[in-house]
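Numbering (the numbering used here), first residue to last: 467 to 626. Yeah, the Cβ is synthetic: ideal placement off N, Cα and C, and Gly gets one too. Since the model is a prediction, treat every value here as computed from it, not as a measurement.
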Amino acid sequence: MKISPAWVVAIIGLVVLLLFVIPAYRESSERKANLEVFMMNLGEVIRTKSTFQMTDVATFEWDYMYMFRPYTPSADMEKAVGSKWDPDELTDDLLHQLVFVKDDQVVLDVTLDRQAGDFTQSKDRIERSDDWFVIEKKEEQYNRYYKVQDKSVVIRNAME
Numbered sequence: 467m468k469i470s471p472a473w474v475v476a477i478i479g480l481v482v483l484l485l486f487v488i489p490a491y492r493e494s495s496e497r498k499a500n501l502e503v504f505m506m507n508l509g510e511v512i513r514t515k516s517t518f519q520m521t522d523v524a525t526f527e528w529d530y531m532y533m534f535r536p537y538t539p540s541a542d543m544e545k546a547v548g549s550k551w552d553p554d555e556l557t558d559d560l561l562h563q564l565v566f567v568k569d570d571q572v573v574l575d576v577t578l579d580r581q582a583g584d585f586t587q588s589k590d591r592i593e594r595s596d597d598w599f600v601i602e603k604k605e606e607q608y609n610r611y612y613k614v615q616d617k618s619v620v621i622r623n624a625m626e
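Given below as structure tokens:
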């Protein structure tokens with residue numbers, strides 16, 4: 467039984483394709499799992515604690531956490547982190563982004579609604595060893611005619 471050259475090329479092409487697709491899929495599913503655990507853990511500490519360590523929320527391996535304020539261009543994020551990835555554009559006052567980096571590679575980026583958990587009073591770059599945070603829950607504020615501020619959760623570094 468003779469195998470045609472077209473089959474050999476097709477098999478080689480398939481093997482090469484799988485060598486690139488499988489690691490990308492694994493990385494994508496790992497990031498998705500990390501995101502789900504992160505959001506669940508963050509919600510839990512906001513509901514139940516007044517201080518927390520980020521390592522209890524971001525349970526995966528990371529060296530640094532970067533916090534990017536609303537309207538930060540993606541090019542500025544990539545420059546600050548020193549790594550290329552596909553960050554969300556922060557084009558709304560209510561959105562900010564946390565980016566976790568391990569060995570100069572982005573392992574997770576999270577776009578958060580500031581009303582659910584506002585890290586914008588934190589440092590821009592946090593080392594894993596400096597990961598204590600304080601949670602301040604603020605109630606809605608009204609003046610005589612309308613609501614001035616929605617209920618919010620401010621999260622800042624404990625050492626500041």
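- Restricted to the segment 552-621, not a single alpha helix (DSSP H) segment is unbroken, complete and at least 4 residues in length.
- For F534, the three-state secondary structure derived from DSSP is strand.
- In the structure shown, F526 adopts coil according to DSSP, grouped into three states.
- Judged by DSSP secondary structure, K545 falls within the alpha helix (DSSP H) whose first and last residues are 540-547.
- Exposed is the label assigned to T517, since fewer than 16 other Cβ atoms lie within 10 Å of its Cβ.
- Inter-residue distance for A524 and S470 is about 52 Å (C-alpha atoms, whole angstroms).
- Taking 8 Å as the cut-off, the Cβ atoms of A624 and F585 do not count as close.
- Take the alpha-carbon of S595 and the one of T557: they are about 31 Å apart.
- Spatial neighbours of E555 in its own chain (CB-CB distance under 7 Å, excluding positions within 5 residues in sequence) are listed in chain order as S540.
- With a threshold of 16 other beta carbon atoms within 10 Å, M506 falls short and is exposed.
- Distance from the CA of H562 to the CA of T577, rounded to the nearest whole angstrom, comes to 6 Å.
- Under the 10 Å beta carbon count, Y537 is surrounded by fewer than 16 other beta carbons and is classified as exposed.
- Y532 sits close to V547, with the two beta carbons spaced by under 8 Å.
- Short of 6 Å from the beta carbon of K589, and not among the five residues preceding or following it, lie these beta carbons of its own chain, in chain order: N623.
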